[in-house]
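Following: one structure in structure tokens, then a few remarks.
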Amino acid sequence: MAELLPGYSPSFKKPAEILRLKRRRRRHSEEIPQSSGTTLNLASRIPGVRPFSPGRPGGGDCSRSRRRNPFANIENTWGSPGKRKVQGNEAFKAEDTGSAGKEPTLSPCHSNRLFSILVKDTGGSHPVGNSPEPPSKAAEFPTDWSIKTRLLFTSSLPFTWTDHLKAQEEAQGFVQHCRAAAISLPSNIQEPKSSTELRCAFQQSLVYWLHPSFPWLQLFPRIGADRKMTGKTNPWSYDEALQQILMSEWALSFTSLYNLVKTKLCPYFYICTYQFTILFRAPGIAGSDVVTAVVSPTTRGLREAMRKEGIEFSLPLVDGDRNLKQKESESSEPETTKYHEMDCSGNGDERHIESDEEEGFSWLEEMGVRDKIKKPDTISLKLRKEKNEVKLDHKPESLVLVKGTNTFTLLNFLINCKSLVAATGPQAGLPPTLLSPVAFRGATMQTLKARNVSVKTQNQTKYEDKFSLEITGPVMPHTLHLLTFLLKSAQKGSFCATLFTHEPTAVFNAGTKMERIINKEPVCKELANYGLHPLTLDQLIQPPLLGKSSLQHLEMNNNYYMWKS
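For the sequence shown, position 76 (counting from the first letter as 1) is numbered 76 according to UniProt numbering, and the numbering increases by one without interruption.
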């Protein structure tokens with residue numbers, strides 16, 4: 001059969017017709033004009049790029065300058081992933097050695113293709129020539145007013161000094177906390193495990209005060225805790241007399257805490273309800289010279305109830321954004337309407353609604369058709385005005401700031417507010433949780449749970465020991481700073497920390513736009529009765545700097561902090 005058909009080959013390895021086509025294409029490539037020789041020479045110099053590699057459809061002049069190779073597939077072209085990785089470096093070496101000091105001019109098609117390959121191989125996540133900003137670095141980290149639920153410290157040195165405290169060391173730590181004794185430690189402790197002062201200070205740093213206290217219930221966090229409390233015994237849920245007793249005791253404890261804050265004997269405390277969290281701060285704390293309270297998240301119903309009780313408050317995040325937009329606007333005319341969160345009676349809202357109504361329908365009067373159009377009633381206009389306010393509900397922007405004497409009005413409002421306690425569900429009849437760094441009436445002393453673990457981590461060539469210390473519980477701002485102060489001395493100024501935040505409290509780091517520059521020296525003397533370390537007190541005095549975020553990662557290296565929020 002091979003004799004009958006001259007172009008036939010039984011093995012199909014060297015068919016005569018295919019060889020003839022190859023010779024024809026070789027002659028055709030030699031007749032290409034010199035104008036396109038630069039592009040073809042560059043392609044021939046780069047290993048992996050074939051003269052007849054398939055062009056992109058619709059590629060313009062670049063795709064018409066060479067003929068498509070019908071036998072080329074995606075695996076033997078420059079665009080294949082395999083050849084890109086293996087032959088990418090060889091391509092640039094070939095350019096450097098073959099040009100003899102001249103840079104070949106790339107056609108637009110080749111330059112675009114090579115640039116896209118480079119961006120794809122490097123990930124294309126950062127612009128060329130720019131690098132991501134390094135984390136912040138300073139001798140101290142900013143105050144984090146959010147409550148942490150868990151801390152995880154890691155270090156190359158062991159945390160054995162936190163284990164198995166002696167009875168005397170544990171008792172001494174409690175006594176130091178109750179007597180508000182300041183901690184004094186050297187900057188570098190050679191043998192932490194044998195340092196009694198360090199172990200007592202560690203026990204002192206874990207203490208916090210809580211009300212109410214039910215050992216079988218987890219009273220923090222309260223937002224979203226229904227699932228954890230389901231099935232637990234709560235005899236007060238259907239007993240109104242018992243609920244009244246619990247609330248009366250809670251009111252006494254709340255009033256005691258407020259008096260401590262007002263007289264500068266307690267730096268701050270938290271009220272955790274099943275719907276929102278409140279942070280009370282003493283004068284001189286967070287850059288303010290008066291007592292302040294921040295509430296988050298809030299709803300329109302809560303804000304309306306506070307307004308009816310005569311509580312003057314503001315929305316610092318909303319007002320700050322509005323002021324920024326006013327400054328950026330080009331119009332010089334003053335606004336005819338303003339935000340009325342500070343109005344208690346509500347008459348101002350109705351007057352502005354009526355004025356807006358007259359302005360909105362003035363054009364109908366000019367056309368002479370105002371009487372024919374049905375005018376919307378005042379309720380519809382008021383609901384339209386409140387639409388933007390409702391959008392803030394349950395969001396960080398709904399943060400409410402109360403300051404000065406209005407905090408005492410807020411105290412009475414919260415004591416008499418029936419919606420402060422859940423009426424149904426696992427938290428029904430359970431008073432809000434009070435968290436404080438100092439003792440108060442009706443409080444129970446609690447300690448955070450500490451646990452250290454050592455593991456083996458694989459390095460490039462060997463296994464290394466990695467040690468970790470886990471702290472669980474409601475970690476307040478002073479506790480975080482005090483723990484880092486102890487670790488700085490015990491771990492030789494080198495450790496890392498991962499912080500787990502109770503998210504509804506992260507917005508407490510937002511600036512209230514009302515901070516005043518305070519002289520630190522007289523303030524520190526007045527707040528010396530807190531029993532806090534001077535460095536911790538100096539940190540709490542500073543205005544918030546983190547915005548609506550919170551610290552997520554903290555690292556100390558050579559006694560300098562780096563953090564990410």
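A virtual CB, placed ideally from N, CA and C, is assigned to each residue, including glycine.
*Under the assumption that K144 contacts P477 (Cβ atoms under 8 Å), give the Cβ distance between them as a whole number of angstroms.*
Residue mapping note: residue 144 aligns to position 144 of the sequence shown, counting from 1. Residue mapping note: residue 477 aligns to position 477 of the sequence shown, counting from 1. One detail in the question is off: residue 144 reads as Asp in this sequence, not Lys. Between P477 and D144 the Cβ distance is about 6 Å, and since that is below 8 Å, they are a contact.
_Where D319 falls: helix, strand or coil (DSSP)_ = Reading the sequence shown from its first residue, position 319 is the one you call residue 319. Helix at D319.
*Would you tell me roughly how many angstroms separate the C-alpha atoms of T536 and R307, rounded to the nearest one?*
Residue numbering aside, residue 536 sits at position 536 when the sequence shown is read from its first letter. Residue numbering aside, residue 307 sits at position 307 when the sequence shown is read from its first letter. So the two alpha carbons sit approximately 36 Å from each other.
*asked:* Just list the residues that DSSP pairs residue 567 with in beta bridges.
replied: No information on residue 567 is available, as it lies outside the stretch 1 to 565 that the chain covers here.
*Would you call Y270 buried or exposed, if buried means 16 or more other Cβ atoms sit within 10 Å of its Cβ?*
Against the sequence shown, residue 270 aligns to sequence position 270. By the neighbour-count rule (16 or more Cβ atoms within 10 Å), Y270 is buried.
*Own chain residues within Cβ distance below 8 Å of A182, not counting five before or after*: Numbered from its first residue, the sequence shown carries residue 182 at position 182. Within the same chain, A182 has close Cβ partners G531, L532, H533 and P534.
*Going by C-alpha distance, which of L486, S436, Q275 and P522 is nearest L302?*
Here residue 302 refers to the residue found at position 302 when the sequence shown is read from its first residue. Nearest C-alpha to L302: Q275.
*asked:* Which residue wins for smallest C-alpha separation from V453, given the options Q446, Q460 and D465?
replied: Looking up residue 453 in the sequence shown gives position 453. From the listed residues Q446, Q460 and D465, the smallest Cα separation to V453 is found for D465.
*Going straight from the alpha carbon of L469 to that of S205, what length do you get?*
Numbered from 1 along the sequence shown, position 469 holds the residue referred to as residue 469. Numbered from 1 along the sequence shown, position 205 holds the residue referred to as residue 205. Each residue's Cα considered, the two are about 14 Å apart.
*Determine the direct distance from the alpha carbon of A439 to that of C178, and round the result to whole angstroms.*
Position 178 of the sequence shown, counted from the first residue, corresponds to residue 178. Position 439 of the sequence shown, counted from the first residue, corresponds to residue 439. Near 8 Å, if we compare the C-alpha coordinates of A439 and C178.
*Beta carbon of Q244, beta carbon of G429: below 7 Å?*
As a position in the sequence shown, residue 244 is number 244, starting the count at 1. As a position in the sequence shown, residue 429 is number 429, starting the count at 1. No, these two residues do not count as a Cβ contact at 7 Å.
*Residues bridged to residue 583 by DSSP?*
Nothing can be reported for residue 583, as the shown portion of the chain is limited to 1 through 565.
*Below 8 Å on the Cβ atoms is my guess for A251 versus P267; work out the distance and round it to an integer in Å.*
Locating residue 251 in the sequence shown gives position 251, where the first residue counts as 1. Locating residue 267 in the sequence shown gives position 267, where the first residue counts as 1. Going by Cβ atoms, the distance from A251 to P267 rounds to 22 Å, so no, they are not a contact pair.
_With a threshold of 6 Å on Cβ separation, who are the neighbours of H211 within its own chain once the five nearest residues in sequence on each side are excluded?_
Indexing the sequence shown from 1 puts residue 211 at position 211. S253, L434, G442 and A443, listed in sequence order.
*By DSSP, does T298 sit in helix, in strand, or in coil?*
Walking along the sequence shown from the start, residue 298 turns up at place 298. Looking at T298 - three-state DSSP - the assignment turns out to be coil, as it is neither helix nor strand.
*With S184 as the anchor, note down where its beta strand (DSSP E) starts and where it stops.*
In the sequence shown, counting from the first residue as 1, residue 184 sits at position 184. No beta strand (DSSP E) holds S184; DSSP gives it neither H nor E.
*So, is K403 buried or exposed, given that buried needs 16 or more other C-beta atoms within 10 angstroms?*
Taking the first residue of the sequence shown as 1, we reach residue 403 at position 403. K403 comes out buried.
*Paired residues, beta bridge with Q458 - DSSP*: Working through the sequence shown from its first residue, we reach residue 458 at position 458. Answer is Y463, bridged to Q458.
*On the premise that L265 lies in contact with A497, defined as a C-beta separation below 8 Å, what is that separation, rounded to the nearest angstrom?*
If you number the sequence shown from 1, residue 497 lands on position 497. If you number the sequence shown from 1, residue 265 lands on position 265. With a Cβ gap of about 30 Å, A497 and L265 do not count as contacting.
*Could you say which of S213, V523, H28 and L157 lies nearest to Q446 if we only look at CA atoms?*
Numbered from 1 along the sequence shown, position 446 holds the residue referred to as residue 446. Closest option to Q446, Cα to Cα, is S213.
_Let's test the definition: count the other Cβ atoms within 10 Å of the Cβ of W216 and tell me whether it reaches 16, buried, or not, exposed._
Counting from one through the sequence shown, the residue named residue 216 turns up at place 216. Classification for W216: exposed.
_Closest Cα partner of I471 within the set E140, R150 and P142_ = Within the sequence shown, residue 471 is the residue found at index 471, counting from 1. Nearest of E140, R150 and P142 to I471, Cα basis: R150.
*Residues that N557 bridges to, as DSSP identifies them*: On the sequence shown, residue 557 is found 557 positions in, with the first residue counted as 1. Bridge partners of N557: S494 and Y560.
_On the DSSP letters alone, give me the boundaries of the beta strand (DSSP E) that L210 sits inside._
As a working note, residue 210 is residue 210 in the sequence shown. For L210, the enclosing beta strand (DSSP E) stretches over residues V207 to H211.
*Using the rule of at least 16 other Cβ atoms within 10 Å of the residue's Cβ for burial, across every protein chain shown, is Q203 buried or exposed?*
Position 203 of the sequence shown, counted from the start, is the residue given in the question as residue 203. By the neighbour-count rule (16 or more Cβ atoms within 10 Å), Q203 is buried.
*In the DSSP assignment, find the unbroken beta strand (DSSP E) run with M445 in it and report its ends.*
Looking up residue 445 in the sequence shown gives position 445. Its beta strand (DSSP E) spans residues T444 to T447.
*Rounded separation between E397 and N459 - CA only*: Taking the sequence shown and counting its residues from 1, one reaches residue 397 at position 397. Taking the sequence shown and counting its residues from 1, one reaches residue 459 at position 459. If I take the Cα positions, the gap works out to 45 Å.
*asked:* I'd like the list of long-range same chain contacts for G173, defined as Cβ closer than 6 Å, with 5 residues on each side in sequence excluded.
replied: By one-based count along the sequence shown, residue 173 stands at place 173. Answer for G173: C200, Q203 and Q204, listed in chain order.
_S314 in three-state terms, based on DSSP_ = As a working mapping, residue 314 is identified with position 314 in the sequence shown. The answer is strand: DSSP assigns S314 an E or B state.
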